[in-house]
Structures are given as C-alpha cells and as structure tokens.
Amino acid sequence: MARSPKSPSRSTTSARSRTTARPKASASAESPSRAKAPTRPKTAATPGRVPAASKQTAKSKKITKSKSGAAATSRAPARAVAKKAAVAARPAARRPVAKAAAPIELFYWSTPNGWKITIMLEECRLPYVVRPVNIGAGEQFKPEFLAIAPNNRIPAIVDPDGPGRKPISVFESGAILQYLGRKTGKLYPADERGRVEVEQWLMWQMGGLGPMAGQAHHFRIYAPEQVPYAIKRYTDECNRLYGVMNRRLADREFLAGKYSIADIACVGWASRNERQGQDIADFPHVKRWLDTMLARPAVARGMAVAAEAAATVDMKDPAIQALLFGQRAR
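Under UniProt numbering, the first residue of the sequence shown is numbered 1, with each subsequent residue one higher.
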C-alpha cells in the first residue's frame with residue numbers, strides 16, 4: 001500500500017512552533033495584522049562582553065591617543081627652548097639685579113698683622129672700607145674699638161653680611177683669615193685633610209714666627225737700651241724658625257702645598273727679615289717663596305694700604321713707645 005504524502009498542517013505547525021520559540025517584538029511596535037520578523041538581541045546588552053566594533057573603536061582611540069601623546073612629548077623640548085629664548089630676549093632692565101654686598105669694615109694700621117687682612121681681602125676681591133686705628137695716637141683704647149677688639153690690637157673687622165645675614169665682628173688676624181676663607185671658599189680648603197695642613201702652618205706663624213720676629217725686631221731697634229741676651233735669644237729663635245720654613249719649602253711652592261692663608265699670614269713678617277737680624281740668602285727656599293709672594297698683585301696692593309699714614313708715626317718717640325710698650329692692665 002502506498003504511503004500518503006505528509007500532511008501540510010503538520011509541517012505548518014512545526015514552522016509556527018519554531019517561530020513562536022523566538023522572542024516577540026514589542027506590541028506597540030508591531031502591527032496586530034502583520035507579524036514582524038523577530039530581531040536578535042543587541043550584543044551590548046550581554047553583560048561582561050564588549051562588542052567587536054567597540055573593541056576596534058577603543059583600539060583606534062588608543063592609537064590616536066598614543067600618537068598625540070608622542071607628538072606632545074616631541075613638542076615639549078621645542079617649547080622649552082622657545083621659552084628660554086623668550087626670557088633671554090627680554091630687555092635687560094626687566095631682569096632682577098643682584099644687590100651689591102655691603103663692604104666689610106676693616107679696623108687697621110699698616111703692620112705685618114694688618115697686612116694679613118688687606119692682602120686676603122684683595123685676593124678674594126671683597127669690598128671693604130678701611131677704618132684707620134692710629135696705634136701711635138692711642139686710638140686702640142677707644143671704647144668703640146674695644147667693643148669690637150677687646151684685646152686692643154689691630155686688625156679687626158665688622159662684616160655686615162655675616163652668618164644668617166646678620167652683622168658679625170671678628171678680632172685676631174688668624175681668626176679673621178679663617179673666617180674670610182670660610183665665607184668665600186678661597187685660600188682655605190674645605191676638606192679636612194687640606195684644612196689641617198693649612199691650619200698647622202697658620203698656627204706656626206701665630207705662635208712662633210710672628211711673636212719671635214716681633215721680639216727680635218723690638219730688642220734690636222726699639223729697646224731704649226741694648227740687652228745682649230734678649231737680642232741673641234730672639235734673633236737665634238727667628239733663625240731657627242726660618243730654617244724650619246726653608247726645609248718645608250724645599251719640595252713645595254707654598255707652605256701647605258697650594259697658596260693659602262698660611263702664606264698670607266707669613267709674608268709680612270718674612271718681608272722684614274733684615275730687621276730681625278736675618279740674611280734671607282741663608283734660606284734659599286724661603287727667598288724663592290718670598291719673591292713669589294711679593295710679586296703677587298694682591299699682596300702688593302694689600303701691603304700698600306695706608307702705608308703713608310703709618311710712615312708719619314715716629315715709633316722711636318718716647319711718648320709713643322710708652323703708649324705701645326709700657327701697657328698694663330686697664
């Protein structure tokens with residue numbers, strides 16, 4: 001018996017059942033008489049997934065952003081150069097002008113100790129003004145000077161631009177040299193080893209060459225009566241000290257190796273070696289050093305400060321000698 005063909009109603013039912021299994025469109029957007037083809041839900045509505053088109057857009061945005069960032073970075077140096085050029089092109093009147101430092105006040109008389117400070121100031125090119133203290137007239141005993149230098153000895157300084165931008169006074173020539181060296185960073189090493197090398201020769205002058213040369217000078221020239229023992233004692237000690245100095249300078253140009261405040265402290269006293277009963281030819285290395293020192297322009301300028309005024313004072317005048325050499329506690 002032959003099979004009968006499939007029933008059309010069955011196939012239609014199957015098609016309808018497949019259609020109704022899909023989501024229906026909104027009633028307001030669909031006509032009741034005409035069924036609208038169902039649409040697939042938008043991918044963007046699925047949580048946790050990014051549409052392919054969105055990924056491509058984000059990628060293109062990243063590329064665009066990175067390109068613009070690179071361009072901005074490459075433009076940055078050009079902008080900095082242009083800014084510097086603009087600043088440099090400004091009129092000079094608009095640029096801030098540094099305030100000139102107030103000059104250091106130097107209380108001074110032309111002596112080997114006074115020269116230490118004028119030479120240092122000249123070497124460092126620091127502005128200064130000289131306040132003469134005529135030791136032959138007793139000006140070192142004035143209250144205003146004693147307020148700065150309680151030992152009534154020159155030199156002394158007042159620096160209006162001291163530590164913390166506040167004025168400071170300093171007395172004693174060695175202390176002033178160290179202060180000015182620290183202030184300027186010149187002729188006084190910053191490293192400890194170099195500084196100690198300078199300081200030991202500075203103290204050698206302060207405690208040895210200066211006092212002994214001064215006493216030899218005094219007893220040989222200013223003493224009202226000759227005291228052979230004193231003359232020999234101090235002349236011999238000066239000779240010993242120049243011998244120490246000569247050995248030190250045998251293998252170096254300056255006392256601490258490099259030019260420093262130690263050399264400045266010694267040059268004034270060494271320049272008066274004849275008054276101390278010495279023949280500088282006996283100390284060839286000292287002579288070479290002394291010639292080098294005296295040839296320095298700053299040394300020559302420093303030793304010339306107020307020299308004419310000091311030359312008018314007769315140091316052999318009994319009244320002046322009594323003032324200078326007969327002091328007792330006041």
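Positions of the beta carbon are idealized from the N, C-alpha and C atoms, including for glycine. Quantities reported herein were computed from a predicted structural model and do not represent experimental measurements.
Among residues of its own chain, excluding the 5 on either side of Leu294, which ones have a beta-carbon nearer than 8 Å to its beta-carbon? As a first step, residue 294 must be located in the sequence shown, where it is residue number 294. The residues are Val267, Ser271, Ala300.
Proximity test, Cβ basis, 7 Å: Glu122 and chain C: Among the chains of the structure shown, chain C does not appear; only one protein chain is present.
Going by Cα to Cα distance, which pick from Trp109, Phe219, Tyr259 is closest to Tyr188? Taking the sequence shown and counting its residues from 1, one reaches residue 188 at position 188. Minimum Cα distance to Tyr188 is reached at Tyr259.
Got a sec? Which residues, its chain only, sit under 8 Å from residue 343 by beta carbon, not counting five neighbours each side? The requested residue 343 does not occur in the structure, where the chain is confined to residues 1 to 330.
Using CA coordinates, which residue listed in Pro211, Phe145, Pro228, Lys287 is at the minimum distance from Arg247? Position 247 of the sequence shown, counted from the first residue, corresponds to residue 247. Cα-wise, what sits closest to Arg247 is Lys287.
Does the contact criterion of 3 or more C-beta pairs under 8 Å hold for the stretch 236 to 243 versus the stretch 170 to 178? The stretch 236 to 243 vs the stretch 170 to 178: no contact.
Tell me the start and end of each unbroken beta strand (DSSP E) in the stretch 99 to 143 that is at least 3 residues and wholly inside, in chain order. Listed in chain order, the complete beta strand (DSSP E) runs (minimum 3 residues) inside the stretch 99 to 143 are 104 to 108, 128 to 132.
If you run the structure through DSSP and keep just helix, strand and coil, what is Gly277? Locating residue 277 in the sequence shown gives position 277, where the first residue counts as 1. DSSP places Gly277 in the coil class of the three-state scheme, outside both helix and strand.
In the DSSP assignment, what are the bridge partners of Ser169? In the sequence shown, counting from the first residue as 1, residue 169 sits at position 169. Its beta-bridge partners are Val158.
Simplified DSSP assignment, three categories, for Phe145: For the purposes of this step, residue 145 is taken as the residue at position 145 of the sequence shown. Reduced to three states, the DSSP call for Phe145 is helix.
Quick check on the DSSP output: the alpha helix (DSSP H) that includes Val299 runs from which residue to which? Counting from 1 along the sequence shown, the entry for residue 299 is found at position 299. Counting along the chain, the alpha helix (DSSP H) containing Val299 begins and ends at 297 to 304.
Short Cβ contact (7 Å threshold) for Ala256 with Ala265: For the purposes of this step, residue 256 is taken as the residue at position 256 of the sequence shown. For the purposes of this step, residue 265 is taken as the residue at position 265 of the sequence shown. No, the pair does not count as a contact, with Cβ atoms beyond the cut-off.
Can you say whether Phe145 is buried or exposed, counting buried as having 16 or more other CB atoms within 10 angstroms of its CB? Position 145 of the sequence shown, counting from 1, holds the residue named residue 145. Counting the other CB atoms within 10 Å of its CB gives Phe145 a total of 16 or more, which places it among the buried residues.
With a threshold of 6 Å on Cβ separation, who are the neighbours of Ser169 within its own chain once the five nearest residues in sequence on each side are excluded? For the purposes of this step, residue 169 is taken as residue 169 along the sequence shown, with counting starting at 1. Once the five neighbours on either side are set aside, the close Cβ partners of Ser169 are Ile148, Val158.
Ala190 and residue 349 - do their beta-carbons sit closer together than 7 Å? A question about residue 349 goes unanswered here, because the residues of the chain that appear run from 1 up to 330.
Nearest-angstrom Cα separation, counted from Thr118 out to Val305: Within the sequence shown, numbered from 1, the residue matching residue 305 stands at position 305. Within the sequence shown, numbered from 1, the residue matching residue 118 stands at position 118. About 7 Å.
Taking only runs of the alpha helix (DSSP H) that begin and end inside the stretch 234 to 293, which ones reach a length of at least 4 residues, in chain order? 261 to 270
Please report the distance separating the alpha-carbon of Val196 from that of Glu274. Start at 1 with the first residue of the sequence shown, and residue 196 comes out as number 196. Start at 1 with the first residue of the sequence shown, and residue 274 comes out as number 274. Computed Cα separation, rounded: 31 Å.
Using only alpha-carbon positions, find the residue among Pro150, Asn134, Pro167 that is nearest to Ile104. Mapped onto the sequence shown, residue 104 falls at position 104. Nearest option by C-alpha distance: Pro167.
Where His217 and Gln276 are concerned, what is the direct C-alpha to C-alpha distance, given to the nearest angstrom? Stepping through the sequence shown from its first residue, residue 217 is reached at position 217. Stepping through the sequence shown from its first residue, residue 276 is reached at position 276. So the alpha carbons of these two residues sit roughly 5 Å apart.
Under the assumption that Trp115 contacts Gly302 (Cβ atoms under 8 Å), give the Cβ distance between them as a whole number of angstroms. Here residue 115 is taken as the residue at index 115 of the sequence shown, counted from 1. Here residue 302 is taken as the residue at index 302 of the sequence shown, counted from 1. Indeed they touch by this definition, with Cβ atoms about 6 Å apart.
Based on Cα-Cα distance, which residue from Met203, Ile135, Pro150 lies nearest to Ala329? Residue numbering aside, residue 329 sits at position 329 when the sequence shown is read from its first letter. Considering only alpha carbons, the answer is Pro150.
I want to know whether the stretch 131 to 139 touches the stretch 194 to 214 - three or more CB-CB distances under 8 Å. With the rule of 3 Cβ pairs closer than 8 Å, the stretch 131 to 139 does not count as touching the stretch 194 to 214.
Could you tell me the distance, in whole angstroms, from the CA atom of Glu308 to the CA atom of Pro112? By one-based count along the sequence shown, residue 308 stands at place 308. By one-based count along the sequence shown, residue 112 stands at place 112. Cα-Cα distance, rounded: 15 Å.
Would you mind giving the Cβ-Cβ distance between Tyr108 and Val133, rounded to the nearest angstrom? I have them listed as a contact below 8 Å. Looking up residue 108 in the sequence shown gives position 108. Looking up residue 133 in the sequence shown gives position 133. Tyr108 to Val133, Cβ: 6 Å. Contact.
For Arg79, count neighbouring Cβ atoms within 10 angstroms of its own Cβ and tell me buried if that reaches 16, exposed if not. Numbered from 1 along the sequence shown, position 79 holds the residue referred to as residue 79. Arg79 comes out exposed.
With a 10 Å radius around its C-beta and 16 neighbouring C-beta atoms as the bar for buried, classify Gln205 as buried or exposed. Counting from 1 along the sequence shown, the entry for residue 205 is found at position 205. Its Cβ being crowded by 16 or more others within 10 Å, Gln205 is buried.
Would you kindly work out how many angstroms separate the C-alpha atoms of Pro143 and Arg153, rounded to a whole number? Here residue 143 refers to the residue found at position 143 of the sequence shown. Here residue 153 refers to the residue found at position 153 of the sequence shown. Computed Cα separation, rounded: 13 Å.
Could you check what DSSP says for Gln215 in three-state terms: helix, strand or coil? The residue you call residue 215 lines up with position 215 of the sequence shown. The answer is helix: DSSP assigns Gln215 an H, G or I state.
Apply the 10 Å Cβ neighbour rule to Thr312 and answer buried if 16 or more other Cβ atoms are within range, or exposed otherwise. Walking along the sequence shown from the start, residue 312 turns up at place 312. Thr312 should be labelled exposed.
Taking Ile320 as the reference, give the member of Gly194, Tyr222, Gly208 with the closest Cα. For this step, residue 320 is matched to residue 320 along the sequence shown. The shortest C-alpha separation from Ile320 is found at Tyr222.
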